[in-house]
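Taking this note's numbering, the leading residue of the sequence shown gets 31, the next gets one more, and so forth.
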Amino acid sequence: MRSFVRRATIVGVCLGASVVGAGCEAKKATEYVAGISTQMTVPRDLKAVRVEVNVGGFQTFCQGYKVYDGKVQLPRSLGAYPNSENALKTNLPVTYTIVGLTEDFDSASENPLFAICAQPKVGENGARILRRSRQPYVPDEILFLPMPLKYSCYDKACGEDETCKGGKCVPASLTQEQAKATFSRYTPELLDGTGGECFSTSLCLGAAAPAIVVDADTCTYAVANTPSAPPPLDPKADPFRQQPCDLPEECGSKRCTIVDPGAVSPDKKGRCEPLAADTPWAGTNVEIVYNGGLNREILDLDPEEGFVLPDPANPQRFQLAPGLCDMVKGTAVNTGPGAKDAGLTCETNADCKSDACDKRFAAPGCTQNCGVCGSGHRITSVRASGTCQAKRITQPFCAADQLAQMGTDESGVAPNATPPECSTVELKPPRAALMVLVDNTQAHSAFFNSDQIKAIEFPLKDPAFEKTDLGLIYAPVASNGCAIDAPPVLPFEPAATSRTKLIDNFLGFANAPATLLPGAPNYEGALASSYAALTALPNTSYFKRAVVIIGNRDFNTESCGNIAGTPANLAEAARTAPADPTKPISTYVIQLAKTDPNKALGDDVLDPGLGALLTAGSTALVNPDARGQKKNAKDSFQQVINSLATCVYDVADTAKAPAADDILSFSDPLFGTTTKIEANPTNSCTTEGVPGSGWSYGASGSPGTKRIFLCEQSCAAYRSTLAQASDFALLYEKPPIAVPMFAHRKSCEPK
Numbered sequence: 031m032r033s034f035v036r037r038a039t040i041v042g043v044c045l046g047a048s049v050v051g052a053g054c055e056a057k058k059a060t061e062y063v064a065g066i067s068t069q070m071t072v073p074r075d076l077k078a079v080r081v082e083v084n085v086g087g088f089q090t091f092c093q094g095y096k097v098y099d100g101k102v103q104l105p106r107s108l109g110a111y112p113n114s115e116n117a118l119k120t121n122l123p124v125t126y127t128i129v130g131l132t133e134d135f136d137s138a139s140e141n142p143l144f145a146i147c148a149q150p151k152v153g154e155n156g157a158r159i160l161r162r163s164r165q166p167y168v169p170d171e172i173l174f175l176p177m178p179l180k181y182s183c184y185d186k187a188c189g190e191d192e193t194c195k196g197g198k199c200v201p202a203s204l205t206q207e208q209a210k211a212t213f214s215r216y217t218p219e220l221l222d223g224t225g226g227e228c229f230s231t232s233l234c235l236g237a238a239a240p241a242i243v244v245d246a247d248t249c250t251y252a253v254a255n256t257p258s259a260p261p262p263l264d265p266k267a268d269p270f271r272q273q274p275c276d277l278p279e280e281c282g283s284k285r286c287t288i289v290d291p292g293a294v295s296p297d298k299k300g301r302c303e304p305l306a307a308d309t310p311w312a313g314t315n316v317e318i319v320y321n322g323g324l325n326r327e328i329l330d331l332d333p334e335e336g337f338v339l340p341d342p343a344n345p346q347r348f349q350l351a352p353g354l355c356d357m358v359k360g361t362a363v364n365t366g367p368g369a370k371d372a373g374l375t376c377e378t379n380a381d382c383k384s385d386a387c388d389k390r391f392a393a394p395g396c397t398q399n400c401g402v403c404g405s406g407h408r409i410t411s412v413r414a415s416g417t418c419q420a421k422r423i424t425q426p427f428c429a430a431d432q433l434a435q436m437g438t439d440e441s442g443v444a445p446n447a448t449p450p451e452c453s454t455v456e457l458k459p460p461r462a463a464l465m466v467l468v469d470n471t472q473a474h475s476a477f478f479n480s481d482q483i484k485a486i487e488f489p490l491k492d493p494a495f496e497k498t499d500l501g502l503i504y505a506p507v508a509s510n511g512c513a514i515d516a517p518p519v520l521p522f523e524p525a526a527t528s529r530t531k532l533i534d535n536f537l538g539f540a541n542a543p544a545t546l547l548p549g550a551p552n553y554e555g556a557l558a559s560s561y562a563a564l565t566a567l568p569n570t571s572y573f574k575r576a577v578v579i580i581g582n583r584d585f586n587t588e589s590c591g592n593i594a595g596t597p598a599n600l601a602e603a604a605r606t607a608p609a610d611p612t613k614p615i616s617t618y619v620i621q622l623a624k625t626d627p628n629k630a631l632g633d634d635v636l637d638p639g640l641g642a643l644l645t646a647g648s649t650a651l652v653n654p655d656a657r658g659q660k661k662n663a664k665d666s667f668q669q670v671i672n673s674l675a676t677c678v679y680d681v682a683d684t685a686k687a688p689a690a691d692d693i694l695s696f697s698d699p700l701f702g703t704t705t706k707i708e709a710n711p712t713n714s715c716t717t718e719g720v721p722g723s724g725w726s727y728g729a730s731g732s733p734g735t736k737r738i739f740l741c742e743q744s745c746a747a748y749r750s751t752l753a754q755a756s757d758f759a760l761l762y763e764k765p766p767i768a769v770p771m772f773a774h775r776k777s778c779e780p781k
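Below you can see the structure in the form of structure tokens.
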């Protein structure tokens, strides 16, 4: 076996039986030229490939190759002719199988994939990715067969008749008609990026901006600043037209769009357009970021592993392939019986919901269930540009861009030629419980309308609430608001299911306002009942417990003779001296509706009892004033989210816990930038709010787990990114954007 030694290697067998000397008989060639490429980081994610060609069920070629030998050795091509006229006459299929490995190749390798050309399976013998394509030859055509190794299929195992595309297992076979329609005639420029039609990342993605969400459920987006993009609710808050203007001459682009014709000085009537009038902006190209910046990939216009343009009336709207959409939403891709969550032990990839059984973390001497289920890949940023027409799978990157996409310098040299065996872990916050306590009296009726309800629906959809259980209780409870053990209207359930029930419950009062109760909310009973329900939750399951009160009056009024103290007294006791000392409960207060519905917002004042309850209930700085704009409600809830569900993370299995020198990272979903967080040098951040930067381990919540705490400075940077992402989503009235946190082995962190 040998390694690649040239930028383009063609290996083949001539068509026809008559051979003269070293040549072949004169006959029009029939061939597939397979082009192997990747946008993954080399050699971190890929050290070798094995190429296998099978014609009509018989293996005709099997060879291993290095992909890094002092310099990157991709992209590469391989050609194969059918070995007899019968292959054409009987339409025998030719199958190309490309296996990518993180084990290096040499001629003396004992790896069965190299030594005996064993059947490849992702997750075994160092195989991390497999691409397969099976189709008949097309007579008298030399066709280019693109075989990109994409990170969406990294660690994804599929069946023998399947291949992976966009994180999904799909049939590997094409008919002759499909092959002819799908593949282009081969020219060397299709692979080496030297032709004039190559894809330039600087030209085509240099002006990339956050993609505008059109439909989060289907992962439909639009290129920003185009007619296909939905406008922001407030044109003056358009993030792509920020600089105020009255005249075109005031803008660098010489374009001023009037958004408020009635504005008077010093306010401006318009906002500057970001691009000059002659800037090409009619195409669609998409870049995604994986796993907190670990890899970046420019997508092809392709329904299975890239994106499609679903609406001819909006040509710059695009929809991600189904498998990629799953990665945006962080949903499990393996729903088979018994599939396990991340962090649990496994034997094969099929055991895990993410299809990723990482055996590199197995204990020495382990013979059964030696792996740990990974969390699967996440797409953590989607950005788009309108500068160029959409890239297609047969369009190569320009030569210099090919190298940059693989993380090397312009000569093909990687910054780390000997990376360790790498792994990435998505960190999850520990489980929390939040009781939503709402005043459902007639004086709070202004809350129960669609606009106010929507103001809290968006923050409740924040992905940061993924590990938070929500419950609902109304005030007043039974016994004139003084019952101390009233059951919740909605018992605790994961936010993914309970938030819909909460919203539906609120809308029930909006549709039937006469069912709202007369009198005062008498919060003591509802608070006592909420604290009792939260205290009953098991200690091993919940890291934090909290109540958020939503009302507009009488926050600290003492009304119940059977309950000692004001609501503020109850809240302080629940936090500082709870019935169970191991289960402190925080209390937050948010006022969305005006105190006096008959007053203008500027004349309305917050309920005077709010401040005392707020300071007694929590040490977190939460602005309770959510009146007016939806952003105010978002900001108030954002602070509750920050306190409950950010900057603390549990690792479900100590076997997969980051080492002391590992790197944490998150990516900004708007700008695609990556923030890396190194371990705190003194390991002092063992609880929340410790000054400094970095991360440390602190006391874990349950046996067999480890808990990570971010230092104060790193936590603030993360929360700032989280707030900016949710602010951006709110401009378009969309749910907040996820900003997950990841841990990477040292020297394996994002490029």
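Every residue gets a Cβ at the ideal spot worked out from N, C-alpha and C, and that includes glycine.
Cα-Cα separation, residue i to residue j
i	j	result
residue 289	residue 273	12 Å
residue 203	residue 384	25 Å
residue 805	residue 740	Since the first residue of the chain shown is 31 and the last is 781, residue 805 is not available in this structure.
residue 346	residue 467	43 Å
residue 143	residue 134	12 Å
residue 54	residue 209	With a pLDDT of 36 at residue 54, under the threshold of 50, the modelled position of that residue is not reliable, and no figure is offered here.
residue 515	residue 675	27 Å
residue 722	residue 744	8 Å
residue 97	residue 67	10 Å
residue 622	residue 580	7 Å
residue 281	residue 275	7 Å
residue 343	residue 333	19 Å
residue 560	residue 596	15 Å
Buried versus exposed call for residue i [16 or more other C-beta atoms within 10 Å across all chains shown]
i	result
residue 433	buried
residue 88	exposed
residue 665	buried
residue 222	buried
residue 146	exposed
residue 84	buried
residue 316	buried
residue 602	buried
residue 607	exposed
residue 52	Legend: pLDDT at residue 52 = 33, less than 50; position of this residue unreliable, no value from coordinates given.
residue 411	buried
residue 398	exposed
residue 93	buried
residue 259	buried
residue 103	buried
Beta-carbon proximity check, residue i vs residue j, cutoff 9 Å
i	j	result
residue 642	residue 585	yes
residue 693	residue 656	no
residue 199	residue 180	no
residue 528	residue 577	no
residue 452	residue 132	yes
residue 70	residue 379	no
residue 567	residue 532	no
Cβ shell of residue i (< 7 Å), same chain only, five flanking positions each side left out
i	result
residue 539	470, 478, 545 and 546
residue 536	478 and 483
residue 569	612 and 613
residue 245	none
residue 235	315, 317, 328 and 415
residue 298	274, 275 and 276
Nonlocal neighbours in the same chain, by C-beta distance under 8 Å from residue i, ignoring five residues either side
i	result
residue 284	278, 306 and 307
Beta-carbon proximity list for residue i, same chain, < 6 Å, skipping 5 on both sides
i	result
residue 319	326, 410, 411, 697 and 702
residue 669	652
residue 598	586, 642, 643 and 646
residue 810	The chain is shown only over 31 to 781; residue 810 falls outside these bounds and no answer can be derived.
Residue i beta carbon near the ligand MN (any heavy atom closer than 8 Å)
i	result
residue 409	Only the bare structure without any ligand can be found here, which leaves the ligand MN out of the picture.
List in chain order: all unbroken beta strand (DSSP E) runs of 3+ residues lying wholly within the region 599 to 661. 615 to 620
Ignoring anything shorter than 3 residues or poking outside the region 163 to 237, list the beta strand (DSSP E) runs there in chain order. 172 to 179, 192 to 195 and 198 to 201
List, from N- to C-terminal side, the beta strand (DSSP E) runs of 3 residues or more that fit wholly inside the region 408 to 450. Segments of the beta strand (DSSP E) lying fully in the region 408 to 450: 409 to 415.
Can you list the beta strand (DSSP E) stretches of 3 or more residues lying completely in the region 691 to 727, in chain order? 693 to 697 and 704 to 707
Output the residue ranges of the beta strand (DSSP E) runs that lie fully inside the region 470 to 547 and measure 3 residues or longer, sorted by chain position. 498 to 505 and 520 to 524
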